[in-house]
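Undergrad: Numbering follows UniProt numbering, in which position 278 of the sequence shown is assigned residue number 278; successive positions increment by one, without gaps. The beta carbon of each residue, even a glycine, is placed where N, CA and C say it ideally should be. Note that the structure is predicted; figures quoted are calculated from it, not measured.
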Amino acid sequence: MTSEADGPSKDLPAEPERPGDPSAPQTSSEQDERPAAPVPARREHDEAAEAEVAELVGKLTEPGNLNGAERRRLVRRLGFALADAARKAKTSGAVGGRWLADLFASIAPRLPIRDLEALQEHHYGLTGEQLADDLVRTATKATMAVGAVGGAVAAAEFAAPPLLLSAPAQLVAETLVVAAIEVKLIAELHEVYGVRVQGNGSQRAVAFTGAWSKQRGVDPMAPASVTLALGTAAKAALRKRLLRTLGRHLTTLGPFLTGAVAGGALNRMATRRLAEVIRADLRRQRALPPAR
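#1: By Cβ distance below 8 Å, which residues in the same chain neighbour Val75 in space, the five residues on each side in sequence not counted?
#2: Can you name the start and end residues of the alpha helix (DSSP H) that Gln120 belongs to?
#3: Starting from the C-beta of Ala101, find all residues in its chain whose C-beta is less than 7 Å away, skip the five residues before and the five after it, and write them out in chain order.
#4: Below 8 Å on the Cβ atoms is my guess for Gln215 versus Val277; work out the distance and round it to an integer in Å.
#5: With respect to the alpha helix (DSSP H) encompassing Thr245, which residues constitute its N-terminal and C-terminal limits?
#6: How should Gly264 be labelled, buried or exposed, when 16 other C-beta atoms within 10 angstroms of its C-beta is the threshold for buried?
#7: By Cβ distance below 6 Å, which residues in the same chain neighbour Ile107 in space, the five residues on each side in sequence not counted?
#8: Ala69 to Glu62, Cα distance in whole Å?
#9: Per DSSP, what kind of secondary structure is Ile113 in: helix, strand or coil?
#10: Is the distance from the Cβ of Glu182 to the Cβ of Leu135 below 8 Å?
#11: Short of 7 Å in beta carbon distance, which residues of its chain neighbour residue 305, apart from the five on each side in sequence? Order them along the chain.
#12: Determine the DSSP secondary structure at Leu126, reduced to helix, strand or coil.
#13: Reducing DSSP to helix, strand and coil, say where Met144 ends up.
#14: Could you spell out the range, first to last residue, of the alpha helix (DSSP H) harbouring Asp102?
#15: Here's the rule I'm using: 16 or more other beta-carbon atoms within 10 Å means buried, otherwise exposed. How should Asn200 be labelled?
#16: DSSP three-state label for Ala86, please.
#17: Less than 7 Å between C-beta atoms, sequence neighbours within five positions excluded: which residues of the same chain meet that for Glu50?
#18: Is the beta carbon of Gly210 sitting closer than 8 Å to the one on Arg286?
#19: Shortest alpha-carbon distance to Thr271 belongs to which of Ala48, Ala81, Lys184 and Arg72?
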């Protein structure tokens, strides 16, 4: 029952919607027709720069013998690509150890890791400890060659003051390539010793990157040995290891050929020492059958 004070109820006509009125409700068809938000151009450029860096690092870690001229050309290109990526990252305040670690974490899943069958095929049918020896020998030669190139490039730039500021980019390039070669070596040694790390490619890359950061083998039975992404502690360890490697390469910044000699020697010793530790860990987990 309605009181007289309220008066009779009346149905007022709805106010027509004004075209282009942002407050007007939108139909589902209108919502579907709205253009998707564009991807920020800066992020697209960052991804393109990272992809170029990953491609060059991959070429420098592929099995096979690059001649000196080709390796120097690729290291120089990588240095320029890194400088470009660093400039783009600087706009978002991401330059530094954290940026370097994030960049390497994005590269690691793209590294070509060979299975046991491919390793035996590429190393003339070797098996067991002999195959492991040959893998270490190949990786040591590769990091030594990259160190010699990086040191020579840095030495040439050291002798030319106008180019001195670009020398660190070349040494960062050397750092990333050496790290990639050693991560790949760790992964392939696990194949040789039969210590299989489960998971997809990205998960395995995270595990082997963590192993390189700690300079130890992966224990597949350990809790959280395979994860989807590097955690906070793992990222901190990766950042610390990369910066230590970069610091070692900075000691090769000298005139003439001193940088090339020092760079090659330091990388050779470091890769050999890492391989010894990893192989000792893997032997404890599973002994190899005798070589055929």
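TA: So, from the listed chains and residues:
#1: Leu60, Val146, Val149, Gly150, Val153, Gln170, Ala173, Glu174 and Val177
#2: Leu116 to His122
#3: Within the same chain, Ala101 has close Cβ partners Lys235, Leu238, Arg239 and Leu242.
#4: 6 Å
#5: Thr232 to Leu250
#6: With 16 or more other Cβ atoms within 10 Å, it is buried.
#7: Residues of the same chain with a CB within less than 6 Å of the CB of Ile107, apart from the 5 flanking positions on each side, are Ala54 and Val57 in chain order.
#8: 16 Å
#9: coil
#10: In terms of Cβ geometry, Glu182 and Leu135 do not form a close pair [threshold 8 Å].
#11: Residue 305 cannot be examined here, being either before or after the span of the chain that is shown, 1 to 292.
#12: coil
#13: helix
#14: Gly97 to Ile107
#15: exposed
#16: helix
#17: Ala85, Leu103 and Ser106
#18: No. Outside cutoff.
#19: Lys184
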